[in-house]
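Chemist:
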Amino acid sequence: MNRFADRLLAMLLLAIGMLCFTRVYFALGGGGAGEAFASARLAFFGAAGVVSALAALLFWAGLLPGRSTHDPKTPLFGRGAETQPGGRPRLRRLFAVVPFLAVLALVADQLGPWSRQPQDAGKSLIAEQTVPSAPEGQDVTSAPAPEPEAIQPPAPASPSEVALAPPVSPPEAAPAPAAPPQTVAPLPQAPPPQPTQPDGHREPVVWLAVAPDGLSILSASTDRTIKLWDIDGKRLIRTLGIHKDMARTALFLPDGARALTAGDDGEIVLRQLADGAVLHVFSSGQNGGVNKLAISPDGKRAVSGHDTGRVIVWDIEKGSVLHVMPGHDWSISGVAVSPDGTRAISGSIEGTLKLWDIGTGKQLRSWHGHERGPYGVLFMAAERHLITGSGDYTIKLWDLDSGREVRRLEGHSGTVYALALSADGKRLLSGSLDGTARLWDMETGNEIALFDSRSGPVYAVAFAADGTVLTGGYDRTIRDWPAGGGDAVALFPGAPE
1 MNRFADRLLA
11 MLLLAIGMLC
21 FTRVYFALGG
31 GGAGEAFASA
41 RLAFFGAAGV
51 VSALAALLFW
61 AGLLPGRSTH
71 DPKTPLFGRG
81 AETQPGGRPR
91 LRRLFAVVPF
101 LAVLALVADQ
111 LGPWSRQPQD
121 AGKSLIAEQT
131 VPSAPEGQDV
141 TSAPAPEPEA
151 IQPPAPASPS
161 EVALAPPVSP
171 PEAAPAPAAP
181 PQTVAPLPQA
191 PPPQPTQPDG
201 HREPVVWLAV
211 APDGLSILSA
221 STDRTIKLWD
231 IDGKRLIRTL
241 GIHKDMARTA
251 LFLPDGARAL
261 TAGDDGEIVL
271 RQLADGAVLH
281 VFSSGQNGGV
291 NKLAISPDGK
301 RAVSGHDTGR
311 VIVWDIEKGS
321 VLHVMPGHDW
331 SISGVAVSPD
341 GTRAISGSIE
351 GTLKLWDIGT
361 GKQLRSWHGH
371 ERGPYGVLFM
381 AAERHLITGS
391 GDYTIKLWDL
401 DSGREVRRLE
411 GHSGTVYALA
421 LSADGKRLLS
431 GSLDGTARLW
441 DMETGNEIAL
451 FDSRSGPVYA
461 VAFAADGTVL
471 TGGYDRTIRD
481 WPAGGGDAVA
491 LFPGAPE
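Written out as structure tokens, the structure is:
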């Protein structure tokens, strides 16, 4: 057994020696010894390689026995006890320690700052590339530099030569060549300045909601504010409230007199629209910030999705918690409530969708619907179908009875971040991080219109009461687009930067 171990050790020492020799070889550029070999670093690797190779030979030949070991089959005492030579433990340790130090030095030499190329290497390479090449067959280094020709003063002319020489007229000046015609490209025009208004949002708009009467809009922004806008008057009614952290959602209650707002501070605030007064605060506590919020059609229940992966059902009238549903392993990216108010859907950032019973808090179905998070989630009016828009750039229509994908809408080149369904359920509006909003025909799945903001991601979409399209996004502006396509109107511009 000891003999076998010594031979394994010999093979390891031989490998270490080869690494040391290889390090010396590459440091010298594969050539002969030069100034680099005089360094202590390379001298150490050379010596370590020799010691490792010698140790490998000695261990392989069995010339460095260790301490005596006892065979468990023989007695410890008495005549039957066997003894073995004491070995050479100090010499064994010496030949084992030096290669071990060599390994440490190899690691340090590879990771140390001296292993990097000098900063002037790139400059020298550029200099080499700019040196002109010599004609084929000529040695540039040995070719002498051309010497300037000696300038000899002209010999004085004799008087007869001067008299007989015909007068020399100065040569006629050659006409200057005509300048070639030029075509100068015009400078690119700077984009027109974006309109601003002092009371606009100061950061991206991430949520839009239209009032039940269609006369006003709620917007939420990463600047933490919730604003209430008058559509017809094109003015800010009031800043409805301010969250302690990024505002995420702002929803009108069916009565048109109150609103629920939520944000990353983990609070869901019931506010009065008339003056912004806070009526009640629902705090999620340790369940984390509120990523998305949905309200039942009757306004009695609210469902919130949190960054801890939990889904909470709230009783708005009683101001209490009905259920905390910890089914997701990842942060919630979207939630929605069915038209009859009995079920809720939640999606998490890894693509999982879960269907819940709001009354009991039980999970009804779970499936992996997207490769990335579904940020837009909507029930269709028939309640048997669900629409999701995702980070995998797709929009999918699902059959809730079977969990089967019915249709896929493709066209966006970025995360589909927001969805809105028209009142008649025939048109779908999507907003994407690719900077566009798109209008889809739900019956055919065809794209009807494209709205290109040309000013960054679109985070929020909604249908106005007259059927036009509303968008909000990175440029802090709420825009109104014709439903058939065309240029937008900056309905409520952002604040000056």
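Mapping to UniProt numbering: the sequence shown position 211 is 211, numbers consecutive. Quick reminder that beta carbons are idealized off the backbone N, C-alpha and C, glycines included. Note that the structure is predicted; figures quoted are calculated from it, not measured.
#1: Secondary structure at Ser-348, three-state DSSP: helix, strand or coil?
#2: Pick helix, strand or coil for residue 537, following the three-state DSSP scheme.
#3: Output the distance between the C-alpha atoms of Gly-403 and Gln-286, rounded to the nearest integer angstrom.
#4: Within this structure, are the beta carbons of Ala-274 and Gly-263 separated by less than 9 angstroms?
#5: Just list the residues that DSSP pairs Lys-227 with in beta bridges.
#6: Just verifying my parser: in three-state terms, what is the DSSP assignment at Pro-99?
#7: Report back the beta-carbon spacing between residue 498 and Val-469 to the nearest angstrom; my notes put them in contact at under 8 angstroms.
#8: Can you grab the Cα-Cα spacing for the pair Ala-420 / Pro-181, in whole Å?
#9: Would you decide whether Gln-84 is buried or exposed? Buried here means 16 or more other CB atoms lie within 10 Å of its CB.
#10: How about the stretch 459-476 and the stretch 206-218: do they share at least three Cβ pairs that are nearer than 8 angstroms?
#11: Any idea which residues DSSP pairs Met-325 with across the strands?
#12: If we call anything under 9 angstroms between Cβ atoms a contact, is Ile-316 one with Leu-386?
#13: Ordered along the chain, which non-local residues of its own chain (more than five positions away) have a Cβ less than 6 angstroms from that of Gln-197?
#14: Based on the DSSP secondary-structure assignment, which residues constitute the bridge partners of Leu-104?
#15: Should Val-313 and Ala-344 be called a contact, given that it needs their Cβ atoms to be closer than 9 angstroms?
#16: When you compare each of Val-377, Asp-399, Arg-224 and Ile-395 to Val-337 by their alpha carbons, which one comes out closest?
#17: DSSP on Asn-446, reduced to helix/strand/coil?
#18: Between Ala-61 and Gly-46, what straight-line distance do the alpha-carbon atoms span, to the nearest angstrom?
#19: So the candidates are Asp-6, Ala-53, Ala-5 and Asp-329; which of them puts its Cα closest to the Cα of Ala-15?
#20: Excluding the five sequence neighbours on either side, which residues of its own chain have a C-beta within less than 6 angstroms of the C-beta of Leu-293, listed in chain order?
#21: Have a look at Gly-241 and His-201 and give me their C-alpha separation to the nearest angstrom.
#22: I need the DSSP call for Asp-6, collapsed to helix, strand or coil.
#23: If you drop the 5 nearest sequence neighbours on each side, which residues of the same chain put their C-beta closer than 6 angstroms to that of Ala-465?
Modeler: To lay it out plainly:
#1: Stepping through the sequence shown from its first residue, residue 348 is reached at position 348. Ser-348 sits in a strand when the DSSP states are folded into three classes.
#2: Shown here, the chain extends from 1 to 497; a query on residue 537 therefore has no answer.
#3: In the sequence shown, the residue the question calls residue 403 occupies position 403. In the sequence shown, the residue the question calls residue 286 occupies position 286. Spanning the alpha carbons of Gly-403 and Gln-286 requires a straight line of approximately 32 angstroms.
#4: Counting from 1 along the sequence shown, the entry for residue 274 is found at position 274. Counting from 1 along the sequence shown, the entry for residue 263 is found at position 263. Cβ distance not < 9 angstroms, so Ala-274 and Gly-263 don't count as in contact.
#5: On the sequence shown, residue 227 is found 227 positions in, with the first residue counted as 1. In the DSSP output, where bridge partners are listed per residue, Lys-227 has Ser-219 and Thr-239.
#6: One-based indexing of the sequence shown puts residue 99 at position 99. Under the three-state reduction of DSSP, Pro-99 is assigned to helix.
#7: Coverage of the chain is limited to positions 1 through 497, which leaves residue 498 absent and any answer about it impossible.
#8: Taking the first residue of the sequence shown as 1, we reach residue 420 at position 420. Taking the first residue of the sequence shown as 1, we reach residue 181 at position 181. Roughly 57 angstroms separates the two Cα atoms.
#9: Mapped onto the sequence shown, residue 84 falls at position 84. The pLDDT assigned to Gln-84 is 44, lower than 50, so where the model puts this residue is not dependable; a value taken from the coordinates is nonetheless given after this. That one is exposed.
#10: Yes: the two stretches touch, three or more of their Cβ pairs being nearer than 8 angstroms.
#11: By 1-based counting over the sequence shown, the position of residue 325 is 325. Answer by DSSP bridge pairing, in chain order: Val-311.
#12: If you number the sequence shown from 1, residue 316 lands on position 316. If you number the sequence shown from 1, residue 386 lands on position 386. The answer is no: Cβ separation not under 9 angstroms.
#13: Taking the first residue of the sequence shown as position 1, residue 197 is located at position 197. So the list reads Pro-493, once near-sequence residues are dropped.
#14: Here residue 104 is taken as the residue at index 104 of the sequence shown, counted from 1. In the DSSP output, where bridge partners are listed per residue, Leu-104 has none listed.
#15: Here residue 313 corresponds to residue number 313 of the sequence shown, with the count starting at 1. Here residue 344 corresponds to residue number 344 of the sequence shown, with the count starting at 1. Yes.
#16: Here the question's residue 337 lines up with position 337 in the sequence shown. Ranking the options by Cα distance to Val-337, first place goes to Val-377.
#17: As a working note, residue 446 is residue 446 in the sequence shown. Note: Asn-446 maps to coil in three-state DSSP.
#18: Along the sequence shown, one-based indexing puts residue 61 at 61. Along the sequence shown, one-based indexing puts residue 46 at 46. About 23 angstroms.
#19: Indexing the sequence shown from 1 puts residue 15 at position 15. For Ala-15, the closest of Asp-6, Ala-53, Ala-5 and Asp-329 by C-alpha to C-alpha distance is Ala-53.
#20: For the purposes of this step, residue 293 is identified with residue 293 of the sequence shown, where counting begins at 1. Excluding five sequence positions before and after Leu-293, the CB atoms of its chain that fall closer than 6 angstroms to its own CB belong to Thr-249, Ala-262 and Ser-304, given in chain order.
#21: The residue labelled residue 241 in the question sits at position 241 within the sequence shown. The residue labelled residue 201 in the question sits at position 201 within the sequence shown. Straight-line Cα distance between these residues: approximately 13 angstroms.
#22: Working through the sequence shown from its first residue, we reach residue 6 at position 6. Assigned with DSSP and collapsed to three states, Asp-6 falls in helix.
#23: Taking the sequence shown and counting its residues from 1, the one referred to as residue 465 is at position 465. For Ala-465, where only same-chain residues beyond five positions count, the Cβ hits under 6 angstroms are Gly-214.
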